[in-house]
Amino acid sequence: MTSISSYALAASPRLIIAQAQAALSKAQVELSSGGKLADIGLGLGSTTGSYVALNAQQSRLQAIQSSNATTAATLTASTTALDALRTTASSFLTSLTQASSSGTAAGTLVTTAASNLDTLTSTLNTTVSGQAIFAGINSAVQPMTAYTTGSAPKAAVDASFSTAFGTTPDSSSASTISGTDMQAYLQGAFADLFSASKYQGTWSSASDTVPTAQISTTETVDTSVSANSEPLRQLAEAYTMVTAFGGTNFGSAAGQAVISAASQLVSSAVTGLTSAQAGIGLSQSAVSAANDRMTTQVNYLSTQSSAMVDVDVSTLSTQISGLQTQIQASYEVTSQLQQLSLVDYLK
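Under numbering that gives the first Met the number 0, think of the first position of the sequence shown as 0, with each following residue one higher.
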């Protein structure tokens with residue numbers, strides 16, 4: 000004989016309601032998320048690993064793109080600074096050429112050289128996001144020491160000149176220095192002050208090694224040039240020699256030697272700066288191209304991962320409406336059953 004009870008009659012609708020409510024809650028979560036699986040692990044099962052891998056690749060590419068913004072800013076600041084230095088140097092070269100006819104670098108040329116040297120120092124101390132961009136990998140510290148009274152560079156120049164000529168550049172006895180002797184000094188002891196080994200530590204604290212940045216999963220680029228690079232040392236040498244030895248207390252022959260030596264240095268520096276700018280330009284192009292490729296890759300990965308977890312919103316809306324109707328109907332049935340008793344059933 001079959002056993003029948005009021006509990007048995009009411010239990011079935013309650014189970015249906017519980018299942019429908021769980022399904023409704025899941026569908027509502029998915030709808031509120033814009034049509035994404037409520038439980039990715041449960042929904043994807045064995046393919047969850049693939050979904051995680053796709054998102055990891057996407058996150059890595061996006062992180063590189065974010066860092067590329069800083070790299071691009073550094074490259075822009077570098078090329079802008081080098082362009083300004085090249086323009087200033089080209090203008091100074093014109094002034095040197097014009098001054099060569101007089102045989103002296105006195106007056107405005109000396110003033111211009113001193114100003115250019117100050118500008119060179121401040122430009123090479125440029126920072127981007129707190130990092131000195133011309134300091135190489137020693138980017139925490141601004142690399143250049145200004146040529147001022149009491150500074151290491153000024154002391155080195157004065158000592159070198161005194162050793163060579165037994166006097167100081169501002170002494171009246173400097174007028175007796177011949178053009179030949181000045182030329183020999185400029186090409187010898189003075190030039191040695193700006194050699195790679197002497198320059199670093201006296202004028203500059205920069206590292207010769209420049210920073211690199213990863214701009215894609217497989218590419219890196221140099222982000223600047225070092226303040227120790229030859230074109231920049233040549234500018235420092237030229238501006239310093241005209242500033243220190245271009246006064247009226249030097250004879251015309253010595254003055255001509257200064258102009259000639261400075262002209263050669265500046266001319267070579269301009270060529271070197273042009274080459275350095277071209278190198279940075281290549282890095283800028285590489286960053287731009289890498290960003291474009293990664294944008295395409297990110298879009299593809301996003302499409303692939305979304306396809307794995309996307310749920311059609313219109314289908315969800317229909318499902319939610321149906322579940323709500325089902326639950327309401329089940330509640331009504333439950334209410335009716337609760338009004339019944341076993342006695343009613345047996346009648």
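Cβ coordinates follow ideal geometry from the N, Cα and C atoms, glycine included. Keep in mind the model is a prediction, meaning the values are calculated, not measured.
| Asked | Found |
| --- | --- |
| Determine, using beta-carbon pairs with one atom in the stretch 165 to 181 and one in the stretch 208 to 217, whether at least three such pairs fall under 8 Å. | no |
| In terms of alpha-carbon separation, which member of Leu192, Thr222, Asp117 lies closest to Ala76? | Thr222 |
| Please report the straight-line C-alpha distance between Ser274 and Arg59, rounded to a whole angstrom. | 33 Å |
| So, for Pro230: in the same chain, excluding its five sequence neighbours on each side, which residues have a beta-carbon less than 6 Å away from its beta-carbon? | Ala268, Gly271, Leu272 |
| Would you call Ser138 buried or exposed, if buried means 16 or more other Cβ atoms sit within 10 Å of its Cβ? | buried |
| Excluding five sequence neighbours on each side, which residues of the same chain lie with their C-beta closer than 8 Å to the C-beta of Lys153? | Tyr146, Thr147 |
| Nearest-angstrom Cα distance between Val241 and Thr111? | 9 Å |
| Which ranges does the alpha helix (DSSP H) cover as unbroken runs of at least 4 residues, wholly within the stretch 46 to 122, from first to last along the chain? | 47 to 98 |
| The alpha helix (DSSP H) with Ala155 in it runs from where to where? | 151 to 164 |
| From Leu30 to Thr70, what distance separates their C-alpha atoms? | Confidence at Leu30 is low in this model, with a pLDDT of 49, below 50, so the placement of that residue should be treated as unreliable; the coordinate-derived value is given next. Roughly 40 Å between the two C-alpha positions. |
| In whole angstroms, what is the alpha-carbon distance linking Ile176 and Ala252? | 8 Å |
| Using DSSP with H/G/I as helix, E/B as strand and the rest coil, what is Asp291? | helix |
| To the nearest angstrom, report how far apart Ala62 and Ser150 are at their CA atoms. | 43 Å |
| Just the C-alpha distance for Asn227 and Gly106, rounded to the nearest angstrom, thanks. | 30 Å |
| Could you give the distance in angstroms between the alpha-carbon of Tyr50 and the alpha-carbon of Tyr299? | 13 Å |
| Distance, Cα to Cα, Val286 vs Ser174? | 55 Å |
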